[in-house]
Each structure stands twice: as C-alpha cells, then as structure tokens.
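The structure appears below as structure tokens.
Residue numbers (our numbering): 1 to 309.
Here it is in structure tokens:
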C-alpha cells in the first residue's frame, strides 16, 4: 500500500498548478482505501502481484474518486469523509472538471499500458454504478422499491465496484477466466454485505460520518424499511409512505419511522441477509489455497460487516 500510494500520486500528476493542488488535497484525505486493498489481496490469493496490479488498483481509485467528486456536486454536499468536498472549496465548475480529469487519467493509464482487459472490467462497473444511481432516483419518486429492485440497485451502485476490484486483482495475477469470475462474484457478495451494513447505520447509534435517518430524509428505501413495509398492515403502510413522501424533513417523523422499522424486525432481517452474503463470499474464498493473502482477505471481508463506521 505504501508503494501504491507513491505510484498513485505520480499517476495523478498534472502540469496545471491548480489541478495538482486539488489532486494533492484528494490524496491527503484518502479514506479506508479498501478498494486497492481488495485488488492487491485478490491478486496475491490468485497468483502474483505484478506491475499491472498497481495500475489496476490506480485505475479503480481514479475512476472511483472521479465518481465521488461528481456525486458531491450532484448531491450539493459540502463534506466528504469529514473534510470539505472539492465543490465546497473550489465550486461546482472546477469539481466537475477535476472529476473529468481523474476519469481521463484512469482511461489513459490503461490505454497507454495496453491494460484493455482491466479497462473493460472497470468500465462495466462505472456503467452499472450510473444505472444503479438512476434506477434509485427513479424509484425514489414513486417510493415503490421492492426487495428485488433494492438488490438490483445495491448490486449496481456498490457491489459492482468491489466486484471489479477483485476481478482486476485476479486478472493481473495471471489467473484463469474461471478464477477471475469466481473472484468477481466473491467481490459482488462482499459489496452486497457492505452496502446492507451501510444501510443499517441509518438506524443505529454509531458515529458513521452521516446523520442517523439521512436515508429516510432523502426518501431512499433501504432493506430494513422495505421489509417493515412488506410486513405492515395496509393502513400502516399507507401512513408511513405518506409521511416519507410529505414529512421526511421533520426529525419527529424520522424518529417515528426508525421506531416503526425496529418494531417490525427490519433490522434483524437486514442483518440476516447481510450475513448470508458474507457467508457466501467466504465459501467462494475456500476454493483458493491457504496463504497470508487469503487470511488478510478473510479479515477484510469480516471488517466490512463488523465495522462501526
């Protein structure tokens, strides 16, 4: 990871001073860096870490960071991971252009080195992420998300990127197509569990970088709420949906909906589904030989469902 950080800084460099200043700010406020970790660990589990593994990890971080910068513009968000967002410090126009620059740097990094397989894997993930976000927006207007649609949304929005990390790791280690697909599926299962854990934070007391009830306020239908509505009486369902649609700005309404979900067993149900995905991921990992990489990968997967933020 230390070597990766040095290489990643060079991959982001620009001749434009303002751009260089902003990209340095982005690198300094890096998050957990789970995605590059997944790339390196899956490469180690599948075979050997190579120079293309570093480029694959950088490609994912560049495209992921670009989507986050653009997301903050779309959401009009002033903070990201406890720091000021790019759009808060340099305004929307510059933020959009920085996102575009990061996207093009990632594409060129792959094209210049002939990493076309990696580019295909990651481009598919970016397409899925965009589709998932738009599907969620379209469904939020009607508040008619079923459990099946919810799984489609989180598979596209979150799981597709972690799946691409694992596929890229395997692809850069000289793995067979069969093993690359196994690792992609492993990453997808981990991503599903990761997102359900995130959705559970909306109902908890942990300090997670976002206020409790923010999903309800933004009319996002997540698994605990979907389950609670599925099992509610017709009149209760109608009443809760009315409040989400018309009164989700009010703290009292948010608290009432959180209480409704807790009493309906929505949290326990979501935890059960999250654990199912977690176990499925570990089962896929059993196919690979024992190694320190495999042990670390298992620990990282466990962290995704036990983390406190």
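Where a beta carbon is used, it is the ideal one built from N, C-alpha and C, also for glycine.
Beta strand (DSSP E) runs wholly inside the region 132-167, at least 3 long, in chain order: Look at the region 132-167 and you find no whole run of beta strand (DSSP E) that is 3 residues long or longer.
- Distance between residue 114 and residue 265 (C-alpha atoms, nearest Å): Each residue's Cα considered, the two are about 51 Å apart.
| Does the beta-carbon of residue 277 have 16 or more other beta-carbons within 10 angstroms, so that it is buried, or is it exposed? | Classification of residue 277: buried, given that the 10 Å Cβ count is 16 or more.
Under the three-state reduction of DSSP, which class applies to residue 42: helix, strand or coil?
Secondary structure of residue 42 (DSSP, three-state): helix.
Which word fits residue 290, buried or exposed, when buried means at least 16 other C-beta atoms lie within 10 angstroms of its C-beta? The residue is exposed, with fewer than 16 neighbouring Cβ atoms inside 10 Å.
Among 20, 261 and 300, which residue has its Cα nearest to the Cα of residue 201? Taking only the C-alpha atoms, the option nearest residue 201 is 261.
query: DSSP on residue 120, reduced to helix/strand/coil?
result: In this structure, residue 120 counts as helix in the three-state DSSP scheme.
message: Need the endpoints of the alpha helix (DSSP H) that residue 192 sits in, please.
response: Judged by DSSP secondary structure, residue 192 falls within the alpha helix (DSSP H) whose first and last residues are 177-201.
May I ask you to verify whether the region 133-152 touches the region 43-57, counting CB pairs closer than 8 Å and requiring at least 3?
Judged by Cβ distances under 8 Å, the region 133-152 makes no contact with the region 43-57, as fewer than three pairs qualify.
Notebook entry, point to check: Beta-carbon separation of residue 304 and residue 197 under 8 Å?
Noted result: Yes, the pair counts as a contact, with Cβ atoms nearer than the cut-off.
Taking the straight line between their C-alpha atoms, what separation do you get for residue 170 and residue 106? When only Cα atoms are considered, residue 170 and residue 106 end up about 19 Å apart.
With DSSP run on the structure shown, which of helix, strand or coil describes residue 208? With a pLDDT of 45 at residue 208, under the threshold of 50, the modelled position of this residue cannot be trusted; read the value that follows with caution. Coil at residue 208, not helix or strand.
Could you check which residue in 135, 168, 161 and 167 has the C-alpha nearest to that of residue 153?
Of the candidates 135, 168, 161 and 167, the one whose C-alpha sits nearest the C-alpha of residue 153 is 135.
Item checked: Nearest neighbour of residue 111, chosen from 92, 147 and 56 [CA to CA] -> Residue 111 has its Cα closest to that of 56, out of 92, 147 and 56.
| request: Please report the Cβ distance between residue 281 and residue 301, rounded to the nearest whole angstrom; I am assuming they are in contact, meaning their Cβ atoms lie under 8 Å. | output: Confirmed, about 6 Å.
Are there 16 or more other CB atoms within 10 angstroms of the CB of residue 42, so buried, or fewer, so exposed?
It counts as buried.
- CA nearest to the CA of residue 175, picked from 254, 227 and 118: Its Cα nearest to that of residue 175, the residue 118 stands out among 254, 227 and 118.
Option in 144, 168, 191 and 239 with minimal Cα separation from residue 160
For residue 160, the nearest C-alpha among the options comes from 191.
_Please report the distance separating the alpha-carbon of residue 11 from that of residue 133._
Each residue's alpha carbon lies about 28 Å from the other.
_Buried or exposed by the 16-neighbour rule on C-beta atoms within 10 Å, applied to residue 272_ = Counting Cβ neighbours within 10 Å, residue 272 comes out exposed, since fewer than 16 surround it.
Problem set entry | Other residues of its chain near residue 63: CB distance less than 7 Å, five sequence neighbours each side excluded | These residues qualify, in order along the chain: 103, 106, 122 and 126.
query = For residue 55, which of helix, strand or coil comes out of DSSP?
reply = In the displayed model, residue 55 falls within a helix according to three-state DSSP.
(request) Kindly examine the ligand GDP and report whether one of its heavy atoms sits closer than 7 Å to the Cβ of residue 164. (result) This structure lacks the ligand GDP; in fact it carries no ligand of any kind.
In the DSSP assignment, find the alpha helix (DSSP H) that holds residue 226 and state where it starts and stops. Element bounds for residue 226: 223-230.
(message) Counting only beta-carbon separations shorter than 8 Å, does residue 234 have a partner in chain C?
(response) The chain inventory of the structure shown lacks chain C, comprising one protein chain alone.
Burial state of residue 9, where buried means 16 or more other Cβ atoms lie within 10 Å: Residue 9 counts as exposed, since fewer than 16 other beta carbons sit within 10 angstroms of its beta carbon.
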